[in-house]
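All remarks here apply to the structure that follows.
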Amino acid sequence: MYNIHSDQTINFMDPTEPEVGDLVKIKIRVPKILGQVKGNVFFTPEKNSKRYSHAEMIKEYSTKFFNYFSYSFKMPNRIMRYHFEINSIDQKKKIKYDAMGICEHRSLHDFILIPDFKVPEWSYGRVYYQIFVDRFYNGDKNNDPVNNEYIYDGKPIVKKEWNEMPDHLNGHREFYGGDLQGVLDKKDYLKDLGIEAIYFNPLFVSPSPHKYDTQDYYNIDPHFGIIEEDVDGKDKYKVRTTSKKNLNKSNELFKNLVDAFHEENIKIIIDGVFNHCGSFNKWIDEKNLYGEGVMNNEDSPFKKYFYWHGDFYEGWWGYATLPKLNYENMDLWNEIADVGIKWTKEYNVDGWRLDVADELAKDFETNSSFWNFFRKKVEQNSPNKLIFSEIYKSPLPWLEKKSWHTIMNYITAMDPISYFLTGVEKHNDNFRKDLYQNSEYFVSAVNWALSQLPMNSKYAALNQLSNHDHSRWLTRTTQKVQRLKDGNHDEASAGYDIDIFKVGLLLMFLIPGSPGIYYGDEIGLSGFTDPDNRRPYPWDNMNELNKQNLDFTKSLVKFYKSSDVFKYSSFKFIQWFDGYVSFVLWNEKESYLVLVNSNHKKEIKIHHNLIGEIRNPEIVFQTRNENINIKNENEILSLNLPEKIGVVVKI
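The end of the sequence shown is residue 651 by UniProt numbering, with every number in the run present.
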């Protein structure tokens, strides 16, 4: 294997976010074992082009094992795609290298440079904590939903006790009472955990516990905020959620929360659900809460915000509770942009996570154009805000249009790690024997995913192993293929593998991106997919395993934050076989070797020419304490790697 490498960090490109007209230098590292070589770089503005212009690179400098070649060019006013060709004169062979690595024939995954594309620097490698508010902590019982407060999806809502489990059929109508005061009450806990950003599931007025069916985009839900004006009887929900006093007080509480966490240098990201709204939304007003929606006024100006089939609005995926928004009119564009501006400018929120953003419009051009419009409006009114999207496929077409800064990184973290370490799909819906402990698959999947992200988007992308949509990471380590059924909550943790659980966390933290902890994952909370993945945090009922997992997570966060290498650096897989992978992270100051073993113990030998010169290797982190003998002799690093472990070596 030829250890050629290039990327778009400052190690191999300067500047890393070029503007039009900037002089850009790109470099590639070539191993000396190839002998005398010539380096060429091939450019094109087109995807998968058959025509490239090319230029010869110059040899800039050498180290013990590598030669470095460079080429400089002026950044044009268009996207640039490029790859390299190394011509080994001594070995009489040509080697092509693109964003995925060495390619046999022609480049399919060019490096991509997007002019004037800026990602907020504060977002690189930040440690996130995702909070599903209703299940985190109840800090104010006066704002709790009450039994039968209103009818939702045909049945009355239910107020649950904190120690009860979600029902497999009624979870979308069940409330536990978690709120923003509860988050404030746990500020010291979050600070002690070491998090650097909170990503909130939706906070706006909504009749569901998940709040992905927005009723009012301009106000925090008083059930999460403050309820001072209240009544009993059939109008209870209406008064609670439309009273200006309640709404203003709730918005004020949220502003205080943002300010309080900013004092601790913790950023706040909120969830924007703009693909659809809810049937309670004031634009539809199916429940006549506002008296101004389409269902109460055929001539309502809001009618054009929706798709209509006769007298019926179109629901997202057919759900009547989720009216699909129609982005074929500019009034809606401006309305949603105003929402984006309000919360980032007036409340100083640090960014937006965009729900199902790739499904927003019914054609790509409208979709990508709207998000570009939204991002620009937010940035113009409140600079340095982060916009990232939920998407389960390559985001590259949207990023090339500058629609978002980055993504929820399913393709790089959750999917590859889950399949590699457990074989289980992220909903526990199937087991893939062919992918389980398949090192070749894992390396290929991660390299492909990283090739779909411009460099600075990579390190701002949100890496997670669990969230509100998928089964808990601990539950996937059981390798069960099932969902929640009546009374089988205990099965979600029966047979878990705590060693694999910890190895997964290490991978999620150290693969390029921003590591994200879904509330409760730090203690090993279990749960099948929705609604079981939304159990209340067991503050008063933690067992010994929960406490041990919390200590491990704290140690991992502390270690991660100990070096800038883990937040933003060059990344390269160097060795992989039989359920084992290793990769290197490095910047101009430090280098680290990460070794992960998913099965039986192994004797590992790594030649220096795969990494560079190694002088004093030191093990600095292990997912469990083991006596590992490490040797560094005759330009070979060797160590015994125990089963089911992750190890980090400073080199």
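Glycine is no exception: its CB is placed at the ideal position from the N, C-alpha and C atoms. As the structure is a prediction and not an experimental result, all values here were calculated from the model.
Pull the bridge partners of V594 from the DSSP assignment, please.
F583 and V648
Have a look at L462 and F132 and give me their C-alpha separation to the nearest angstrom.
16 Å
Extract the residue ranges of the beta strand (DSSP E) inside the region 374-434, only unbroken runs of 3 or more that lie entirely within it.
386-389
Going by DSSP, which residues form a beta bridge with A55?
V41
Express the C-alpha separation of L507 and F69 in angstroms, rounding to a whole number.
Rounded to the nearest angstrom, the two C-alpha atoms are 31 Å apart.
Between the Cα of D350 and those of A449, N265 and V620, spot the shortest distance and give me the residue it belongs to.
N265
How far does the alpha helix (DSSP H) with Y111 in it reach, from first residue to last?
The sequence shown places Phe at residue 111, rather than the Tyr named in the question. From DSSP, F111 is part of no alpha helix (DSSP H) but of the beta strand (DSSP E) over F111 to L113.
Spell out a yes or no on whether the region 244-264 and the region 363-379 are touching, meaning 3 or more CB-CB pairs, one atom from each, closer than 8 Å.
no
Taking Cβ to Cβ, would you say N201 is nearer than 8 Å to K186?
The Cβ atoms of N201 and K186 lie no closer than 8 Å to each other.
Considering only residues of the same chain and omitting the five flanking positions on each side of K236, which have a CB-CB separation below 8 Å?
V146, E149, Y150 and D230
Who pairs with F204 in a beta bridge, going by DSSP?
I220
Assuming the contact rule is C-beta atoms closer than 8 Å, N219 and L190 should be a hit. Round their C-beta distance to whole Å, please.
With a Cβ gap of about 25 Å, N219 and L190 do not count as contacting.
In the region 496-556, which residue ranges form an unbroken alpha helix (DSSP H) of at least 4 residues, counting only runs that do not cross its ends?
As far as the region 496-556 is concerned, its whole alpha helix (DSSP H) runs of at least 4 residues are 498-510.
Mind pulling the alpha helix (DSSP H) runs of 4 or more residues that sit fully within the region 275-357?
330-341
Below 8 Å, can you find three or more Cβ-Cβ pairs linking the region 493-503 to the region 438-447?
no
Which first and last residues belong to the alpha helix (DSSP H) in which V239 is found?
From DSSP, the alpha helix (DSSP H) with V239 extends over K236 to T242.
Taking all protein chains shown into account, decide if M330 is buried (16 or more other Cβ within 10 angstroms of its Cβ) or exposed.
Sixteen is the threshold: since fewer than 16 other Cβ atoms of the shown chains lie within 10 Å of the Cβ of M330, the residue is exposed.
Short of 6 Å in beta carbon distance, which residues of its chain neighbour L386, apart from the five on each side in sequence? Order them along the chain.
P120, S123, G351 and H405
Going by DSSP, which residues form a beta bridge with N640?
E603
Shortest alpha-carbon distance to S466 belongs to which of N428, F204 and S555?
N428
Just verifying my parser: in three-state terms, what is the DSSP assignment at S570?
strand
Measuring alpha carbon to alpha carbon, tell me which of Y129, K567 and W283 ends up nearest E335.
Comparing Cα-Cα distances from E335 to each of Y129, K567 and W283, the minimum goes to W283.
For D486, which option in N409, S49, V30 and N170 has the closest C-alpha, if you only look at C-alpha atoms?
N170
Do the CB positions of T475 and G527 come within less than 8 Å of each other?
Yes, the Cβ-Cβ distance between T475 and G527 is below 8 Å.
If I measure Cβ to Cβ from N142 and keep anything under 7 Å in the same chain, skipping five residues before and after, which residues do I get?
Excluding residues within five positions, the ones whose Cβ falls inside 7 Å are I227.
With the cut-off set at 8 Å, would you say E400 and I114 are in Cβ contact?
yes
Given F370, which residues of its chain have a CB within under 7 Å of its CB, disregarding the five upstream and five downstream residues?
Excluding residues within five positions, the ones whose Cβ falls inside 7 Å are Y327, W333, L360 and A361.
Which of the three DSSP states is assigned to Y150 in this structure?
coil
Short of 7 Å in beta carbon distance, which residues of its chain neighbour N609, apart from the five on each side in sequence? Order them along the chain.
Closer than 7 Å at Cβ, skipping near neighbours: N3, P31, I33 and F65.
On the DSSP letters alone, give me the boundaries of the alpha helix (DSSP H) that N456 sits inside.
M455 to A460
Assuming I28 contacts F84 (C-beta within less than 8 Å), just tell me the rounded distance between them.
5 Å
For the region 90-97 and the region 154-166, state whether three or more C-beta atom pairs, one from each stretch, are separated by less than 8 Å.
At 8 Å Cβ cutoff, the stretches do not touch.
Are D116 and V20 touching if we call contact CB-CB under 8 Å?
In this structure, the beta-carbon distance from D116 to V20 falls below 8 Å.
Taking only the alpha-carbon atoms, compute the straight-line gap between N533 and N367 and give it to the nearest angstrom.
Rounded to the nearest angstrom, the two C-alpha atoms are 30 Å apart.
Grab the span of the beta strand (DSSP E) containing R29 for me, first residue to last.
L23 to P31 is the extent of the beta strand (DSSP E) around R29.
From the DSSP output, read off the bridge partner residues of D98.
G101
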